[in-house]
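Read through the structure below, which is laid out as structure tokens, and then see the notes.
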Amino acid sequence: EELKILVGWNDLKLYRVKSRSLKKFFFIRTSSASLRDSVSGVVIDAPLLRVMCIYDNVSKSFQVDNLEHGAKLGLALDFGLEDLDEAGVSSRRNRVRSFLPGISRASFMTIDADTFKLIHDYFKLEPLPQFRYVSRMSVTLCVSDLKGLPTFLESCPNLEVLNVALNDYEEMNHNSFFASVVPECLLSSLKIVDLDIRISGYAAEMKLVNYFLENSPVLKTLALHVNYPLVVDYDIFKELLRIPRRSAMCQVVVI
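Per UniProt numbering, the sequence shown starts with residue 1, numbered consecutively.
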């Protein structure tokens, strides 16, 4: 019912996992960048799978077949790309296109920054499939990719809980956040947003908070984090409290 695979440093094999009883699957493969074009990938066919975590920085293809509704996924992969940019993602376009529908029935997804960047660059090329079953999402991303978050959320129309973390917060002061897109989930289902970011008053940070408060009529909780013992300007909190809230029942919680 549970399988863990930790791949050796120079193991280039294609891994095929096919099981009618497997419920938990963990796959870890890291290797030298020089081997990226040599590693085939992973194929998973396990209809009863409930938990799948993949950490892989070298495999250039992934295929998930027969995933049932309700699975929890943890994804940290980059399809063997050393340079995560539009040109690189375009070269893996067909493989990404084949992979995304296979995970579209998951209910809970955790996505790391490289995986989000790959998806972000992919949907500049092609539309994303709909992740209609996803109700909970935890995503880590680079500040420069924040602008892609609303478009990504358009593919999750029934999302209820969203956690957003930044892996390069120091860049917040050098970037902006603007979104003209209001995804369906913000209008109809999103109840909890957890922004794992410091409160420093940067324009991009405040616009991100504004975006959720002003566009989410069913939002119940917006959580913001403080890295103690950081001293936070009281004026910033007053500004947060003045932001109009589309949801009358929404609470802003500082953790």
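Think of the CB as a built atom: it goes at the ideal place given N, C-alpha and C, for glycine as much as any other residue. Since we're looking at a predicted model, the values are computed, not measured.
Check whether residue i and residue j have beta carbons under 8 Å apart
i	j	result
N163	D112	no
C156	F116	no
L122	V89	Note on identity: in this sequence residue 122 is Tyr, with Leu being the wrong assignment. The answer is yes: Cβ separation under 8 Å.
K60	G41	yes
R105	E154	no
V161	S180	no
V182	N158	no
K147	I192	no
L187	L166	no
V218	L190	yes
Inter-residue CB distance, residue i and residue j (contact presumed, cutoff 8 Å)
i	j	result
C250	L213	7 Å
L118	V96	7 Å
A54	A87	For the sequence presented, residue 54 should be read as Ile rather than Ala. Not really, about 24 Å apart at Cβ, beyond 8 Å.
V17	F25	7 Å
V51	K72	5 Å
L125	R93	6 Å
Contact set for residue i: own chain, Cβ-Cβ below 6 Å, skip 5 residues either direction
i	result
K13	none
S19	A46
G70	S107
Y15	V42
F99	F62
I243	N210 and L213
D196	A165 and H225
T30	N57
residue 258	Limits of the chain in this structure are 1 at one end and 255 at the other, which puts residue 258 out of reach.
L6	I28
I236	I199 and G201
L128	S155
D168	C142 and V143
Cβ-based neighbour list, residue i, same chain, cut-off 7 Å, excluding 5 preceding and 5 following
i	result
P229	Caution is warranted here: a pLDDT of 49 is assigned to P229, below 50, making its placement in the model unreliable, and the coordinate value is therefore given only provisionally. Same-chain partners within the cutoff: there are none.
L22	E1, L3, A46, L48 and L49
G8	none
residue 297	Residue 297 lies beyond the stretch modelled for the chain, which goes from 1 to 255, so this question has no answer here.
N-terminal and C-terminal residue of the beta strand (DSSP E) that residue i is part of
i	result
G74	K72 to L77
I111	F108 to I111
D235	Counting along the chain, D235 falls outside any beta strand (DSSP E), though it belongs to the alpha helix (DSSP H) covering Y234 to R242.
L166	V161 to L166
K18	Y15 to K18
E2	E2 to L6
L224	T221 to L224
Contacts around residue i, its chain only, beta-carbon distance under 8 Å, and the 5 residues preceding and following it disregarded
i	result
D65	V43, I44, D45 and G102
L149	V139, L141, V164 and A179
E239	G201 and M206
V253	T221, L222, A223 and L224
D145	A113, F116, K117 and H120
Endpoints, alpha helix (DSSP H) assigned at residue i
i	result
N66	Where N66 is concerned, there is no enclosing alpha helix (DSSP H), given that its DSSP letter is neither H nor E.
T30	Element bounds for T30: n/a, residue is neither H nor E.
K207	A203 to N215
L81	No alpha helix (DSSP H) holds L81; DSSP gives it neither H nor E.
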